[in-house]
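Each number in this note's numbering corresponds to the 1-based position in the sequence shown with 96 added.
Ideal placement from N, C-alpha and C gives every residue a C-beta, glycine not left out.
The model shown is predicted, which means the values in this text are computed figures rather than measured ones.
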Amino acid sequence: MFISEKDVTEIPPAFRDISFVFENYNLFHIYNVYDNIAFALRSKLIQVDESEIDKRVRAFSKELHIEHLLDRLTGTLSGGETQRVALARALVRKASLNLFDEPLSNLDLKLREELRVEFKELHKKYHSTIFYVTHDHDSAVSVADRIGIIYGGVLHQIDTPDNLIENPNHITVATLINYPTINIIDCSLENHSLQVNHQMPLVELTSLQVDKIRSQTSEKEIQVGLKLKSVKLGKAPGNLNFSGKLLHTEYQGYNKVVNIDYEGMPIRLITNEVVQLDYGEQIDFNFSPQDIFLFNKSSGMRIL
């Protein structure tokens, strides 16, 4: 294992310059907050002077707004307070690499939002690397400078959040990095047309696009990926226009996710427009052919 181009495989963990925040925090309930934060610095292997320990504990406690809790036992803390103590215990090491394992998964939405902001501020201030493992889409895209998408034990792509969203290399990346997740439409390539159910044209392709598809797969089955924000209500000149049946509408804050049945295929779009239609009524939608992703159905790899 290499950290900053240094092989640390044979180096004892205490000397690898790594800190760790556990998903369940793992604080020592027999100690107060002060002693929990100072614990690693008091290791005989690290040997930090007690005056330096006190300086660091109080500095990071102030940074994380827990200086008033230093004399409290950890069993008396709230979830947010416990998380801040766990973060302070890790950051007080001033390690070059910080490993965070689902650090916000046990907190409510408001606390997660607050601490995500603090993570970014702390990272900018101390310039240490944070390796943050999470299943939460919002945490990943709001905290990270670079994201690695792992699924089924396979690392599919590493890139900035924006590039992962705009240029996914695999259907797994496209579905995991976008929230709400993208539309996936099963199509067949018939001459120069991608068709739904082998009969309803969805997109007409150029000869160059067909040649590129054929250079990567001989199969006819193609999956079209379409982000919800790329689908618009109504009809639009120059776009691909369709009609389907309204299924239902999900409210997400100021926006709504509209669910449509198009020829037996589910299509979802996100909008802040008012939708005054009942279940089963006809609803028009459109999107630009430039907004679609094409994936090899068998491998999941991006084609166009």
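Inset, instruction - State yes or no: is the C-beta of I318 within less than 8 Å of the C-beta of K393? - result: By 1-based counting over the sequence shown, the position of residue 318 is 222. By 1-based counting over the sequence shown, the position of residue 393 is 297. Between I318 and K393, the C-beta spacing is below 8 Å.
Inset, instruction - Assign H125 to one of three DSSP states: helix, strand, or coil. - result: On the sequence shown, residue 125 is found 29 positions in, with the first residue counted as 1. Look at H125 here: in three-state DSSP terms it is coil, with no helix or strand label.
Legend entry - Whole alpha helix (DSSP H) elements within the stretch 129-173, 4-residue minimum: If we require 4 residues or more, the alpha helix (DSSP H) runs fully inside the stretch 129-173 come out as 129-134 and 146-159.
Inset, instruction - Pick helix, strand or coil for P362, following the three-state DSSP scheme. - result: Along the sequence shown, read from residue 1 onward, the residue named residue 362 stands at position 266. DSSP places P362 in strand when its eight states are reduced to three.
Inset, instruction - Give a single yes or no on whether S339 has its beta carbon closer than 7 Å to a heavy atom of the ligand MN. - result: As for the ligand MN, it is missing from this structure, which has no ligand bound.
Legend entry - Proximity below 8 Å, CB of L324 to CB of L365: As a position in the sequence shown, residue 324 is number 228, starting the count at 1. As a position in the sequence shown, residue 365 is number 269, starting the count at 1. Result yes, Cβ atoms of L324 and L365 sit closer than 8 Å.
Legend entry - Close beta carbons around Q378, own chain, < 6 Å, minus the five adjacent residues each side: For the purposes of this step, residue 378 is taken as the residue at position 282 of the sequence shown. So the qualifying residues of the chain are S339.
Legend entry - In DSSP terms, what M97 is bridged to: The residue labelled residue 97 in the question sits at position 1 within the sequence shown. By DSSP's assignment, M97 forms no beta bridge with any residue.
Inset, instruction - Could you name each continuous beta strand (DSSP E) segment of 3 residues or more that falls completely within the stretch 244-303, going from the start of the chain to the end? - result: The DSSP assignment places complete beta strand (DSSP E) segments of no fewer than 3 residues inside the stretch 244-303 at 250-255, 279-286, 289-292 and 296-300, in order along the chain.
Inset, instruction - May I have a chain-ordered list of the beta strand (DSSP E) segments no shorter than 3 residues that lie completely inside the stretch 326-363? - result: Runs found: 336-348 and 351-358.
Inset, instruction - Work out the CA separation of L400 and V229 for me, nearest whole Å. - result: Residue numbering aside, residue 229 sits at position 133 when the sequence shown is read from its first letter. Residue numbering aside, residue 400 sits at position 304 when the sequence shown is read from its first letter. Approximately 30 Å between the Cα atoms of the pair.
Legend entry - V117 beta carbon less than 8 Å from that of L160: As a working mapping, residue 160 is identified with position 64 in the sequence shown. As a working mapping, residue 117 is identified with position 21 in the sequence shown. No, these two residues do not count as a Cβ contact at 8 Å.
Legend entry - the stretch 196-212 in contact with the stretch 240-252 per 3-pair CB rule at 8 Å: Touching, no.
Inset, instruction - Given a cut-off of 8 Å, decide if I142 and K191 are closer than it, judged by their beta-carbon atoms. - result: In the sequence shown, residue 191 corresponds to position 95, counting from 1. In the sequence shown, residue 142 corresponds to position 46, counting from 1. The amino acid occupying residue 191 in the given sequence is Ala; Lys does not appear at that position. No.
Legend entry - Range of the contiguous beta strand (DSSP E) that encloses T225: Here residue 225 refers to the residue found at position 129 when the sequence shown is read from its first residue. Secondary structure note for T225: its beta strand (DSSP E) is the uninterrupted segment T225 to V229.
Inset, instruction - Determine the burial state of Y130: buried for a count of at least 16 other Cβ atoms within 10 Å of its Cβ, exposed for fewer. - result: Here residue 130 is taken as the residue at index 34 of the sequence shown, counted from 1. The residue is buried, with at least 16 neighbouring Cβ atoms inside 10 Å.
Legend entry - Check whether R185 and I133 have beta carbons under 8 Å apart: Position 89 of the sequence shown holds residue 185. Position 37 of the sequence shown holds residue 133. If you check the CB distance, R185 and I133 come in under 8 Å.
Inset, instruction - Flag this pair as yes or no: are the beta carbons of G175 and L218 separated by less than 8 Å? - result: Within the sequence shown, numbered from 1, the residue matching residue 175 stands at position 79. Within the sequence shown, numbered from 1, the residue matching residue 218 stands at position 122. Taking 8 Å as the Cβ cut-off, G175 and L218 do not qualify as a contacting pair.
Legend entry - alpha helix (DSSP H) segment containing Q179, residue limits: What you label residue 179 is simply residue 83 of the sequence shown in a count that begins at 1. First-last of the alpha helix (DSSP H) with Q179: G175 to L187.
Inset, instruction - Figure out for me which residue from N259, Y375, G321 and N337 has the closest Cα to the Cα of T345. - result: Position 249 of the sequence shown holds residue 345. That would be Y375, whose Cα lies nearest to the Cα of T345.
Inset, instruction - Could you tell me if R138 is buried or exposed, where buried requires 16 or more neighbouring beta carbons within 10 angstroms of its beta carbon? - result: Numbered from its first residue, the sequence shown carries residue 138 at position 42. The C-beta of R138 has fewer than 16 other C-beta atoms within 10 Å across all chains shown, which makes the residue exposed.
Inset, instruction - Please classify V117: does DSSP put it in a helix, a strand, or coil? - result: Sequence index remark: in the sequence shown, residue 117 carries index 21 (1-based). In the structure shown, V117 adopts extended strand secondary structure according to DSSP, grouped into three states.
Legend entry - Beta-carbon proximity check, E327 vs I363, cutoff 8 Å: Translated into positions along the sequence shown, residue 327 becomes position 231. Translated into positions along the sequence shown, residue 363 becomes position 267. In the sequence as presented, Glu is not what sits at residue 327; that position holds Val. Yes. Within cutoff.
Inset, instruction - Output yes or no for whether 8 Å exceeds the beta carbon distance between M361 and I278. - result: Sequence index remark: in the sequence shown, residue 361 carries index 265 (1-based). Sequence index remark: in the sequence shown, residue 278 carries index 182 (1-based). With contacts defined as CB atoms closer than 8 Å, M361 and I278 fail to qualify as a contacting pair.
Legend entry - Beta-carbon contacts of R180 that lie in its chain and below 6 Å, excluding the five residues immediately before and after: Along the sequence shown, one-based indexing puts residue 180 at 84. Once the five neighbours on either side are set aside, the close Cβ partners of R180 are L160 and I162.
Inset, instruction - Check V310 in the structure and name its three-state DSSP category. - result: Position 214 of the sequence shown, counting from 1, holds the residue named residue 310. Looking at the sequence shown, residue 310 is not Val but Arg. Helix, per DSSP.
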